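Asks: Dumping the structure here so I can ask a few things about it.
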Amino acid sequence: MSEIITDKLTGKTSAGDVTITSEGGSATMQLQQGVAKMFAYIEGDATPTITGSFNTASLTDEGVAVVRANLTNAMSDTTFTNMGLPKESAFKCMIQELTTGDIRSTSSMVLKSHSVSASADIDGRNYMIFGDLA
Amino acid sequence: MSTLKADTLVAADGTSPVTLTKQSAAKAWVDFDGTGTVSVKASLNNSSITDNGTGDYTNNFSSSFDSVNYTHVAGGAQGATLIDAITASSSEISIYNLSNALVDRSTVCLVHHGDLA
Chain A
1 MSEIITDKLT GKTSAGDVTI TSEGGSATMQ LQQGVAKMFA YIEGDATPTI
51 TGSFNTASLT DEGVAVVRAN LTNAMSDTTF TNMGLPKESA FKCMIQELTT
101 GDIRSTSSMV LKSHSVSASA DIDGRNYMIF GDLA
Chain B
1001 MSTLKADTLV AADGTSPVTL TKQSAAKAWV DFDGTGTVSV KASLNNSSIT
1051 DNGTGDYTNN FSSSFDSVNY THVAGGAQGA TLIDAITASS SEISIYNLSN
1101 ALVDRSTVCL VHHGDLA
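Top to bottom, those sequences are chains A and B.
Residues in the first sequence are numbered from 1 upward in steps of one, following the numbering used here.
Residues in the second sequence are numbered from 1001 upward in steps of one, following the numbering used here.
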């Protein structure tokens, strides 16, 4: 197996565009498009704290059940894919609700957690974003 | 710091996928508005969204997976999501509100990991 050891990959024609081949060999895709642009695992229902993260600068506790993750490097616009998943098993019908109106900005993502019947803080929150960085 | 500049990365045989150590790129993702006439806001490897009725959508891929054994993650605004029918070329999801009723939502997000054909 040949191996290239380098610290940085840059597109030759366009700096932000490196193409990779699919496992089956029949398709190609842009490497940058498939890489997560942000993730964060947040613990602590009363005092949310970043336990593990990438491209996450800080948290803002916006009240019961609502925690905003602020990005270090901003997205290029607000049309990106974001995910939120709970950890706490007691929330059997847990729904991660993104609040309307301020669902997301180019520099942050909000998660709102729910129990079966009401908004509630939760001990573990997972955030993830795919899309284009600025 | 060294920088490698290239437009395409392939394995040494010229065709196989290159190994990205400690990396597993998503093979498809989409952010779409599921209210009214469905519209895709941003995506990777998405050819279209089929509106199957209230709260029920099919994400159609431009390039198919090599099997039905790939991973789905769904999120979005104000709803719980369930994965329904899965094929190599599409993934169907349903969105429910807190009363377990199917609902259309303006922000629906999907991410898929696995092997493309």
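Here a beta-carbon is modelled for each residue, glycine too, at the ideal position from N, C-alpha and C.
Computed from a prediction, not measured in an experiment: that's the story for all the values here.
Just reading off the beta strand (DSSP E) that A:LEU71 is part of, what are its end residues?
Replies: Element bounds for A:LEU71: 66-71.
Asks: Measure the C-alpha to C-alpha separation of B:ARG1105 and A:PHE80 and round it to an integer number of angstroms.
Replies: Going by the C-alpha atoms only, they are around 15 Å apart.
Asks: Taking the straight line between their C-alpha atoms, what separation do you get for A:PHE91 and A:HIS114?
Replies: Residue placement at A:PHE91 is flagged as unreliable, the pLDDT there being 49, under the threshold of 50; the coordinate-derived value follows with that caveat. Approximately 8 Å, taken between the alpha carbons.
Asks: Buried or exposed, going by whether 16 or more other CB atoms sit within 10 Å of the CB of A:LYS112?
Replies: Label assigned to A:LYS112: buried.
Asks: At which residues does the beta strand (DSSP E) containing A:GLN146 begin and terminate?
Replies: This structure cannot speak to residue 146 of chain A, because chain A is shown only from 1 to 134.
Asks: Taking only three categories from DSSP, how would you classify A:GLY124?
Replies: Strand.
Asks: From what residue to what residue does the beta strand (DSSP E) around A:SER115 run?
Replies: Counting along the chain, A:SER115 falls outside any beta strand (DSSP E), and DSSP gives it neither H nor E.
Asks: Please classify B:GLN1023 as buried or exposed, where buried requires at least 16 other C-beta atoms within 10 Å of its C-beta.
Replies: So B:GLN1023 counts as exposed.
Asks: Which same chain residues, not among the five before or five after A:THR78, have their C-beta less than 7 Å away from its C-beta?
Replies: Once the five neighbours on either side are set aside, the close Cβ partners of A:THR78 are ARG104, SER105, THR106.
Asks: Can you tell me which of the three DSSP states B:GLY1144 falls into?
Replies: In the structure as shown, chain B begins at 1001 and stops at 1117. Residue 1144 of chain B is therefore absent and cannot be evaluated.
Asks: Along chain A, in chain order, which residues have C-beta atoms closer than 7 Å to that of B:GLY1123?
Replies: In the structure as shown, chain B starts at 1001 and stops at 1117, and residue 1123 of chain B therefore has no counterpart that could be examined.
Asks: Taking DSSP as the reference, what is the three-state secondary structure of B:GLY1014?
Replies: In the structure shown, B:GLY1014 sits in coil (DSSP, three-state: anything other than H, G, I, E or B).
Asks: Please identify the residue among B:SER1039, B:SER1099, B:ASP1066 whose C-alpha is closest to the C-alpha of B:SER1089.
Replies: Per the Cα distances, B:ASP1066.
Asks: Three-state secondary structure (DSSP) at A:GLY34?
Replies: Reduced to three states, the DSSP call for A:GLY34 is helix.
Asks: In its own chain, which residues sit with a C-beta less than 8 Å from the C-beta of A:ALA27, not counting the 5 before and 5 after it?
Replies: Only THR21 meet the Cβ criterion.
Asks: Quick one: grab the DSSP three-state call for A:ILE50.
Replies: DSSP places A:ILE50 in strand when its eight states are reduced to three.
Asks: Could you round the C-beta distance between B:ASN1046 and B:GLU1092 to whole angstroms and report it? I think they count as a contact, below 8 Å.
Replies: Between B:GLU1092 and B:ASN1046 the Cβ distance is about 14 Å, and since that is not below 8 Å, they are no contact.
Asks: Measuring alpha carbon to alpha carbon, tell me which of A:THR6, A:ILE5, A:VAL110 ends up nearest A:GLY63.
Replies: Per the Cα distances, A:VAL110.
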